[in-house]
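Heads up: the sequence lines are chains A and B, in that order. In this text, residue positions in the first sequence follow the numbering used here: the first is 1, and each later residue adds one. In this text, residue positions in the second sequence follow the numbering used here: the first is 229, and each later residue adds one. Please read the structure below before turning to the comments.
Protein chains: 2
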Amino acid sequence: MTILRSPRLDDGTARGIPDATVARLPIYLRALNALTERGVSTCSSNELAENAGVNPAKLRKDLSYLGSYGTRGVGYDVEYLRYQIAREIGQTQDWDVVIVGVGNLGSALSAYQGFSTRGIRVAALVDADPRRIGTTISGQTVSSLDDLGAIVSERNISIGIIATPGTAAQEVADRLVAAGITSILNFAPALVQVPDGVDVRKVDLSIELQILAYHEQRKAGTDKVVNA
Amino acid sequence: MTILRSPRLDDGTARGIPDATVARLPIYLRALNALTERGVSTCSSNELAENAGVNPAKLRKDLSYLGSYGTRGVGYDVEYLRYQIAREIGQTQDWDVVIVGVGNLGSALSAYQGFSTRGIRVAALVDADPRRIGTTISGQTVSSLDDLGAIVSERNISIGIIATPGTAAQEVADRLVAAGITSILNFAPALVQVPDGVDVRKVDLSIELQILAYHEQRKAGTDKVVNA
DNA sequence: AGGAGTTTGTGAACGCGTTAACAAAATCGA
DNA sequence: TCGATTTTGTTAACGCGTTCACAAACTCCT
């Protein structure tokens, strides 16, 4: 029997999906989309796992948290499984996000092609710099950070992206929370504190490279030739 | 006694640092830098842990893998600890990286301010599109993907960043490996296969938002008002 | 000098995630 | 219909990471 961790048990759906599994569901979704494009309508856990780059046992365990959507001896119906995962992670609807900070990174994110096909819609751009307010980026007019509250409630936005320098991150986070945002993706190289009930995920570009550099150093040993 | 997992034990330094710890060392480094800027010269594990956003016990355990750099009853010398961590993760030298793909994201990365202060230097920009080759981005001339091998060996680059569309990712990864790159940071929404000995880290912008969307959906329950 | 107070470093317990292994359930062919 | 084959769903073992709790070691004050 599936262990249910969440308090919300009355809606019929299986709940309490482990974080590690949730983080992989979008990967499976992408793999299933790729299979559909190749005209594959049925696949085994081995096949799907290979496409997703994970262990087949792990894939089956992950899927078992959602329910029993495969057929023993046969495999999974690609389209059916795709829909079930999409429903589970809320991809049957579009999610509107607001990007705060339209510097290089914020502008790049606003133009990112990968969002729309994954149910993410950049609904608003906001910046604190008066010189940027009113300009058009990727077809969107940049609004003032001061209008955040109105924009968020008007357009029913629940996810915010921080793409500012690190020094502004906490201030922006506070404003996002005050505006009613309950999920934040933070690209700024700074720790942000938020109240309970608000989720924050952090993507730190430097740290990813620093981790790689550590392993590089180990590979090279102590005799690595230092460049300049 | 510290357990040593790595085969390389003859250089005197403690080795076999757990992956989870390695991923946090850059965070500690940043926190230490912040303390230095504030003029703090000594700190306790509690203080540092607070600044890094982690549990104090976890911080002490992490640091214990590096050695014994604190003083009981006193705490850590900020500058000394900063240097020790920097040395451990190879930040006493600069690491040159090549960015492949200078679309919106690649361009933003090439201009990213956060790299230089963390020992990352964008040493080359490369693209496959002839219209982009020869143009200047953030003060760097964009080279042809065909010249990757020469560029990598000339400038002693060991880290590559993939900032292309997903469809090009595997091809680019193959070329990076052929050019001698042994660490790859992949921003493309695609799985790339590489030979043993090559490290790949993946940053997937859509997936981060999809994970947040999942939690949003759960917070909202089934009665969430769908926007349009 | 010695006791009180502080803080590190670490052993041990705990919990989550991964993986292997297998029973249950389906298909297929004779 | 029945046995052989395939593949899922799940249980159990294992390993890594986190956290607690405390002895060791240091400072400071009297």
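Note that the Cβ used here is the ideal one computed from N, Cα and C, for glycine as well.
* Asked: Starting from A123(A) and walking both ways along the beta strand (DSSP E), at which residues does that stretch end?
  -> 120-127
* chain A partners of P254(B), CB-CB under 8 Å? -> D204, S206, I207, Q210, I211
* Any chain B beta carbon closer than 8 Å to K251(A) -> For chain A, the structure presents residues 1 to 228; residue 251(A) sits outside this window and is missing.
* With burial defined as no fewer than 16 other Cβ atoms inside 10 Å of the residue's Cβ, what is the status of S45(A): buried or exposed? -> buried
* Asked: In or out: R38(A) buried (at least 16 other Cβ within 10 Å) or exposed?
  -> exposed
* Assign L437(B) to one of three DSSP states: helix, strand, or coil. => helix
* Asked: Would a check of beta-carbon distances place I3(A) closer than 8 Å to chain B?
  -> Low confidence applies here, because I3(A) scores a pLDDT of 32, under 50, leaving its location unreliable and the question unanswered by this model.
* To do: Taking the CB atoms as reference points, tell me whether I365(B) and V330(B) lie closer together than 8 Å.
  => yes
* To do: Inspect the beta-carbon positions of A339(B) and N55(A) and report whether they are closer than 8 Å.
  => no
* Of the listed residues D290(B), Q321(B), Q341(B), L440(B), nearest to A213(A) (C-alpha basis) -> Q321(B)
* Asked: Hey, does A23(A) have any beta-carbon neighbour from chain B nearer than 8 Å?
  -> yes
* **For I412(B): DSSP bridge partner residues** => G388(B), V428(B)
* Apart from the five residues on each side of it in sequence, which residues of its chain come closer than 7 Å, Cβ to Cβ, to N51(A)? -> A31, A34, L35
* Under 8 Å between C-beta atoms, does L185(A) make it to chain B? -> yes
* To do: Using a cut-off of 9 Å between C-beta atoms, extract the partners of E216(A) located in chain B.
  => G318, W323, S386, I387, T410, S411, D427
* Check Y340(B) in the structure and name its three-state DSSP category. => coil
* Please determine if the segment 414-434 of chain B and the segment 385-405 of chain B are in contact, where contact requires at least 3 C-beta pairs separated by less than 8 Å. => yes
* Taking 8 Å as the threshold, find out whether the segment 84-98 of chain A comes into contact with the segment 60-68 of chain A through three or more Cβ pairs. => yes
* Asked: Is it a yes or a no for the segment 352-362 of chain B touching the segment 196-206 of chain A, going by three-plus beta-carbon pairs under 8 Å?
  -> no
* To do: Establish whether the CB of Y340(B) and some CB of chain A are separated by less than 8 Å.
  => yes
* With 8 Å set as the bound, which would you pick, yes or no: does the beta-carbon of P478(B) sit closer than that to a beta-carbon of chain A? -> Absent from the model: residue 478(B). The displayed extent of chain B is 229 to 456, so no value can be given.
* **Closer than 8 Å to chain B by CB, S107(A)** => yes
* **CB of S371(B) within 8 Å of CB of V350(B), strictly** => no
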